[in-house]
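> Residue numbers (the numbering used here): 211 to 668.
The following block contains the structure, expressed as structure tokens.
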Ligand SMILES: Cc1cc2nc3c(=O)[nH]c(=O)nc-3n(C[C@H](O)[C@H](O)[C@H](O)COP(=O)(O)OP(=O)(O)OC[C@H]3O[C@@H](n4cnc5c(N)ncnc54)[C@H](O)[C@@H]3O)c2cc1C
């Protein structure tokens, strides 16, 4: 059958866009289909932060870092993983990934030097200055358009087409006007993200977070899992996910974790602290989940001032999501909490921050605490951001069967593939793991798919 295109990319988030650009620039034909009305997926909602070790941006900023140090950080954070080789490969190619983003894609990214991030011992996140993933997506889409790569929105893949001998040769697609179309391709790139928007799959693979609200994009409905199962693919790290311990309620925007990292605390509906918040925004999510309801972040003026460097925090404050008071009792009144309990929580925490007693929950990093002066409170709920488990792939994104043989012509990356955050839970997520897999593996898979096409047609 004559192919319509060399590579069909399914999904127009960061992974699919990166794969398409890399494959196109290797000299083959590419088309992208996206089921929603616009590209971007979860990548648009993210902060656009991509970690890389040994990049020229780090060297220019005088930051000493190396792939070995990055790998050690990831392994320490994630614990055991089903794909150690892939983690190493993405770390070792991370500097090339961000330099390619800047130089070939033209993405407006810069190294974030103001603070380190969860799981990283050196400043290594490269992000748009706005910290909005939408800017990164806009730059990727711009590069796709400049190259004339067809990108069809409102075109969802319904199923992969088997080639009759265990591989794939394209996909059935529902087009914008509701018609069905068959697209035949030499290679198919699955860039459809994970399954966080599919309640049944979340309950099956990540039951501890299945009660939480999903705060990602609508498109993450788990096709990579459903189609992969039909093809007999192997899966890895299926229990791992990125959670967020402090989504503002009822506003639904992220309460910047800077408020907690710089010394804030979280109390439950009874006004009591319940753990060591320095576990990080993802790692602390299950602790908030088990409180069974709304919780409350508390911080003070100096922390508030630091957080105002972030646009989303300022918006939340302007919309009344963050309220202030002169004392812990004032804060308690604002949300009808037990004033004695809130006072006791702040007092005990402040004693620990001043070094007068060990923290009741083992917290050791107090940053700008003790909390004093004007205080702030924000009602929060835990959220699920994305799942980290997915198809097992080789170091170039080829989808594998349980014994390691590739499924012919099928590639995957980003949230569709097994991720970098260990096997299970929220604690293995280091900042940027999602986008490193999306852009790093997207680029590698695009290059490998092009290589296969060219060697077959040469
Ligand atoms: C609020 C939030 C903040 C985050 N912050 C960060 C961060 O700062 N750094 C980081 O590394 N990660 C972050 N993440 C995670 C990160 O966004 C994801 O890991 C990453 O964007 C995944 O990229 P992707 O290309 O695989 O998926 P996506 O960007 O979601 O793209 C997948 C696309 O495929 C489309 N699609 C799905 N099914 C089909 C189909 N059948 N046919 C056609 N198209 C389909 C979807 O509609 C979507 O557009 C965050 C996530 C959220 C929700």
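Even glycine gets a Cβ: it sits at the ideal position worked out from N, Cα and C.
Model, not experiment: these values are computed from the prediction.
Hey, is residue 244 close to ligand 1, as in C-beta under 7 Å from one of its heavy atoms?
As a first step, residue 244 must be located in the chain shown, where it is residue number 34. Yes, Cβ of residue 244 sits closer than 7 Å to a heavy atom of ligand 1.
> If you measure from the CB of residue 596, is any heavy atom of ligand 1 nearer than 7 Å?
Along the chain shown, read from residue 1 onward, the residue named residue 596 stands at position 386. For ligand 1, at least one heavy atom lies less than 7 Å from the Cβ of residue 596.
> Taking a contact to mean a Cβ-Cβ separation below 8 Å, would you say residue 630 touches residue 259 in this structure?
By 1-based counting over the chain shown, the position of residue 630 is 420. By 1-based counting over the chain shown, the position of residue 259 is 49. In this structure, residue 259 does not lie closer than 8 Å to residue 630 by Cβ.
> Answer yes or no: the CB of residue 224 versus the heavy atoms of ligand 1, is any distance below 7 Å?
Residue numbering aside, residue 224 sits at position 14 when the chain shown is read from its first letter. Correct: residue 224 has its Cβ closer than 7 Å to ligand 1.
> Beta carbon of residue 579, beta carbon of residue 399: below 8 Å?
Looking up residue 579 in the chain shown gives position 369. Looking up residue 399 in the chain shown gives position 189. Against a cut-off of 8 Å, the Cβ pair of residue 399 and residue 579 comes out as no contact.
> Determine the extent of the alpha helix (DSSP H) in which residue 561 is found, giving its start and end residues.
As a first step, residue 561 must be located in the chain shown, where it is residue number 351. Run containing residue 561: 549 to 563, per the alpha helix (DSSP H) assignment.
> Since residue 505 and residue 532 are thought to touch, with beta carbons under 8 Å apart, how far apart are those beta carbons, to the nearest angstrom?
Stepping through the chain shown from its first residue, residue 505 is reached at position 295. Stepping through the chain shown from its first residue, residue 532 is reached at position 322. No, residue 505 and residue 532 are not in contact; Cβ-Cβ is about 14 Å, not under 8 Å.
> In angstroms, rounded to a whole number, what distance separates the CA positions of residue 437 and residue 371?
The count along the chain shown starts at 1 and reaches residue 437 at position 227. The count along the chain shown starts at 1 and reaches residue 371 at position 161. C-alpha separation (whole angstroms): 10 Å.
> Taking the C-alpha atoms as reference points, what is the distance between residue 387 and residue 248?
By one-based count along the chain shown, residue 387 stands at place 177. By one-based count along the chain shown, residue 248 stands at place 38. Residue 387 and residue 248: Cα-Cα distance of roughly 15 Å.
> Kindly give me the distance between the Cβ atoms of residue 357 and residue 231, rounded to whole angstroms, as I take these residues to be in contact under 8 Å.
In the chain shown, the residue the question calls residue 357 occupies position 147. In the chain shown, the residue the question calls residue 231 occupies position 21. Between residue 231 and residue 357 the Cβ distance is about 7 Å, and since that is below 8 Å, they are a contact.
> Could you check the C-alpha separation between residue 551 and residue 481 for me, to the nearest Å?
Position 341 of the chain shown holds residue 551. Position 271 of the chain shown holds residue 481. When rounded, the separation of the alpha-carbon atoms in residue 551 and residue 481 is 5 Å.
> Does the beta-carbon distance from residue 449 to residue 599 come in below 8 Å?
For the purposes of this step, residue 449 is identified with residue 239 of the chain shown, where counting begins at 1. For the purposes of this step, residue 599 is identified with residue 389 of the chain shown, where counting begins at 1. Yes; because the gap between Cβ atoms is below 8 Å, this pair is in contact.
> Assign residue 331 to one of two classes, buried (16 or more other C-beta atoms within 10 Å of its C-beta) or exposed (fewer than that).
Taking the first residue of the chain shown as 1, we reach residue 331 at position 121. Exposed: under 16 other Cβ atoms inside 10 Å.
> Suppose the cutoff is 7 Å on Cβ atoms and the five residues either side in sequence are ignored; what does the same chain contact list for residue 349 look like?
The residue given as residue 349 occupies position 139 in the chain shown. Closer than 7 Å at the Cβ level, and outside the excluded window around residue 349, lie 315, 316, 317, 318.
> Let me confirm a value: residue 496 is counted as buried when at least 16 other C-beta atoms fall within 10 Å, else exposed. Which label applies?
Looking up residue 496 in the chain shown gives position 286. Counting C-beta atoms within 10 angstroms of its own C-beta, residue 496 has 16 or more neighbours from the protein chains shown and is therefore classed as buried.
> CB-CB under 6 Å to residue 719, same chain, minus the five flanking residues each way: which ones, in chain order?
In this structure the chain extends from 211 to 668, so residue 719 is not present and cannot be described.
> When you measure from the CB of residue 344 to every non-hydrogen atom of ligand 1, does any distance come out below 7 Å?
Working through the chain shown from its first residue, we reach residue 344 at position 134. No, Cβ of residue 344 sits at least 7 Å from all heavy atoms of ligand 1.
> Taking the alpha helix (DSSP H) that residue 597 falls in, what are its first and last residues?
What you label residue 597 is simply residue 387 of the chain shown in a count that begins at 1. No alpha helix (DSSP H) holds residue 597; the beta strand (DSSP E) holding it covers 585 to 597.
> Please report the straight-line C-alpha distance between residue 351 and residue 360, rounded to a whole angstrom.
Reading the chain shown from its first residue, position 141 is the one you call residue 351. Reading the chain shown from its first residue, position 150 is the one you call residue 360. Taking the straight line from one Cα to the other gives about 11 Å.
> Please report how far the alpha carbon of residue 663 lies from the alpha carbon of residue 410, in whole angstroms.
Counting from one through the chain shown, the residue named residue 663 turns up at place 453. Counting from one through the chain shown, the residue named residue 410 turns up at place 200. Residue 663 and residue 410: Cα-Cα distance of roughly 37 Å.
> Identify whether residue 276 lies in helix, strand or coil by the three-state DSSP scheme.
For the purposes of this step, residue 276 is identified with residue 66 of the chain shown, where counting begins at 1. It is coil, neither helix nor strand.
> List the DSSP bridge partners of residue 372.
Numbered from 1 along the chain shown, position 162 holds the residue referred to as residue 372. 378.
> Going straight from the alpha carbon of residue 501 to that of residue 479, what length do you get?
Sequence index remark: in the chain shown, residue 501 carries index 291 (1-based). Sequence index remark: in the chain shown, residue 479 carries index 269 (1-based). Roughly 8 Å between the two C-alpha positions.
> Assuming contact is defined by CB atoms lying nearer than 8 Å, are residue 458 and residue 526 in contact in what I supplied?
Here residue 458 corresponds to residue number 248 of the chain shown, with the count starting at 1. Here residue 526 corresponds to residue number 316 of the chain shown, with the count starting at 1. In this structure, the beta-carbon distance from residue 458 to residue 526 falls below 8 Å.
> Report the start-end ranges of each alpha helix (DSSP H) in the stretch 431 to 509 that is 4 residues or longer and not cut off at the edges.
433 to 441, 468 to 471, 495 to 499
> Pairing CB atoms from the stretch 293 to 304 with CB atoms from the stretch 338 to 345, are three or more of them under 8 Å?
no
> Taking the alpha-carbon positions, what's the residue 417 to residue 353 distance?
For the purposes of this step, residue 417 is identified with residue 207 of the chain shown, where counting begins at 1. For the purposes of this step, residue 353 is identified with residue 143 of the chain shown, where counting begins at 1. In this structure, the alpha-carbon of residue 417 lies about 39 Å from that of residue 353.
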